[in-house]
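Below you'll find the structure, written out as structure tokens, and then a few comments.
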Amino acid sequence: MDYKEKTVWITGAASGIGRALAVEYAKKQATVILSDRDKENLQATVKECEKLGTKAVYAPFDLAKADEIEKAVNDVLKIYPKINILISNGGISQRSYAIETPVEIDRKIFEINFFGAVTLTKALLPALIADGGGHISVTSSMTGKFGFPLRTAYCASKHAVQGYFEALRAELYDKNVKVTIVSPGRVYTNISINAIDKDGKAHGILDPGQTKGISAEKCARKIMKAIERNKKELWVGGSEILMIYIRKYMSPLFHVLARKINPT
Ligand SMILES: NC(=O)c1ccc[n+]([C@@H]2O[C@H](COP(=O)([O-])OP(=O)(O)OC[C@H]3O[C@@H](n4cnc5c(N)ncnc54)[C@H](OP(=O)(O)O)[C@@H]3O)[C@@H](O)[C@H]2O)c1
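First residue of the sequence shown: 881, per our numbering; consecutive thereafter.
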């Protein structure tokens, strides 16, 4: 696909999968609009993309703050009215047991992972439709397909993403807006370090399981290909993806594994 005339908006672009996506699209000379709340690392991604010779736009916001998202969309659309691809990828994980986690923390996770993606999508949709269509990719998780310990609110928020964007796909069929739902397994990023605990503080640990994940670059290339091919779903990772099949076709085994496998 020729990306030179395309504009791609990516959230979570300061780190991990989002950053790798920004670089992959920049290599193809797409214009990239880059968002995250981590302004310093977001600037670094912008510079990296510019070095690759493409236009990169710094558009920071906090996914938990609807007013910041809406302002960023208004500001960007004034200069770049045509967005071809939105990749709603920014998110936060969890490392705490439900029994010790205040509901405020559950809400915070939903605010970022679910309502953040929904708010950005709603803000951009009229422009996508007015322009004749576009593509929305949203990053859920393998744990948006089943439940796994230490991540109750995270799993729930990622299940919510699956339901919302599947329904949205059907609604937007006639408007030529396509939807790809991405469910990664383990990807070697800072996700466990940035995950929040029962107090809302960063877990701060690179979990051993995370280091066994595929690279963010490999994940990004697969996401790019899935969008290009208009895949409705992408399950991306290593052998852990088998858990989705086990949950679906061998659920008694799944329920044993879910409580026995080390969740970190
Ligand atoms: N890595 C995996 O194994 C894995 C597996 C399944 C799904 N995922 C999903 O993949 C997506 C990308 O994660 P990743 O692995 O690349 O992790 P990451 O390296 O931690 O990147 C996530 C990015 O999202 C940003 N973010 C978090 N909260 C935000 C907020 N309130 N507003 C704006 N930006 C915010 C983070 O900023 P801060 O650094 O400031 O927090 C970070 O830059 C997430 O949706 C995650 O749930 C990842």
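Glycine included, each C-beta is placed from N, C-alpha and C at the ideal position. Given the structure is predicted, the values throughout are model-derived calculations rather than measurements.
Contacts around residue i, its chain only, beta-carbon distance under 7 angstroms, and the 5 residues preceding and following it disregarded
i     : result
M881  : E1108
R1127 : K1025, F1026, F1134
D1077 : R975, S976, H1083
N1056 : G1012, G1013
I1085 : S1072, I1073
G971  : G892, I992, N993, T1019
L1048 : V1059
According to DSSP, residues forming a beta bridge with residue i
i     : result
T981  : Answer is none; T981 lacks a bridge partner.
L1048 : The partner list for L1048 (beta bridge, DSSP) is empty, contrary to what the question assumes.
T1060 : S1017
S968  : V1018
Y938  : L914
L943  : Its beta-bridge partners do not exist; DSSP assigns none.
Q974  : I1076
V926  : BP columns for V926 are empty, so no partner.
K1068 : Checking the sequence shown, residue 1068 turns out to be Tyr, not Lys. DSSP lists S1095 as partners of Y1068.
L1005 : According to DSSP, which records beta bridges pairwise, L1005 is partnered with nothing at all.
I963  : Bridge partners of I963: none, in fact.
Spatial distance of residue i from residue j (CA atoms)
i     : j     : result
T1060 : R1139 : 30 angstroms
K1147 : F990  : Residue 1147 lies beyond the stretch modelled for the chain, which goes from 881 to 1144, so this question has no answer here.
L1037 : I949  : Sequence check: residue 1037 is Ser here, not Leu. Each residue's Cα considered, the two are about 19 angstroms apart.
L914  : L1122 : 33 angstroms
Q1090 : E1097 : 15 angstroms
G1013 : K1112 : 16 angstroms
W889  : N1110 : 17 angstroms
A1100 : M1130 : 30 angstroms
V983  : C1035 : 15 angstroms
F1028 : L1137 : 10 angstroms
H1015 : N1070 : 27 angstroms
Q923  : T934  : 15 angstroms
P1132 : T1019 : 28 angstroms
E1120 : K1092 : 10 angstroms
I959  : D916  : 19 angstroms
Y905  : K886  : 9 angstroms
K1146 : F941  : Absent from the model: residue 1146. The displayed extent of the chain is 881 to 1144, so no value can be given.
D1079 : D1054 : 44 angstroms
G1065 : L1052 : 27 angstroms
Close-in-space but distant-in-sequence residues of the same chain around residue i (CB under 8 angstroms, 5 per side omitted)
i     : result
L1114 : T1060, I1061, V1062, S1063, K1102, I1103, A1106
N921  : A894, S895, R899
A946  : F995, T999
I1124 : M1022, K1025, F1026, S1063, W1115
Assumed close pair residue i, residue j - CB separation to whole angstroms, cut-off 8 angstroms
i     : j     : result
V926  : A910  : No, V926 and A910 are not in contact; Cβ-Cβ is about 14 angstroms, not under 8 angstroms.
V1158 : N993  : One cannot answer for residue 1158 here, as it falls past the ends of the chain, which runs 881 to 1144.
I1094 : G1118 : 6 angstroms
L1030 : P1143 : 5 angstroms
L957  : T891  : Their Cβ separation, rounded to whole angstroms, is 16 angstroms, which puts L957 and T891 out of contact at 8 angstroms.
S1017 : A997  : Between A997 and S1017 the Cβ distance is about 10 angstroms, and since that is not below 8 angstroms, they are no contact.
Contact set for residue i: own chain, Cβ-Cβ below 6 angstroms, skip 5 residues either direction
i     : result
A1033 : Q974, D986, I989
A1075 : S973, Q974, R975, H1083
G1043 : none
D1087 : S1072, T1144
D918  : A894
Y938  : V926
F1045 : V1018, V1059, I1061
H1039 : G1024
Exercise. Inspect the CB distances between the region 948-955 and the region 1000-1020 and report whether three or more fall short of 8 angstroms.
Key: yes
Quiz prompt | Three CB pairs or more closer than 8 angstroms across the region 893-903 and the region 973-981 | solution = no
Exercise. Indicate whether the contact test is met: 3 or more Cβ pairs, each with one atom in the region 955-975 and one in the region 923-931, closer than 8 angstroms.
Key: no
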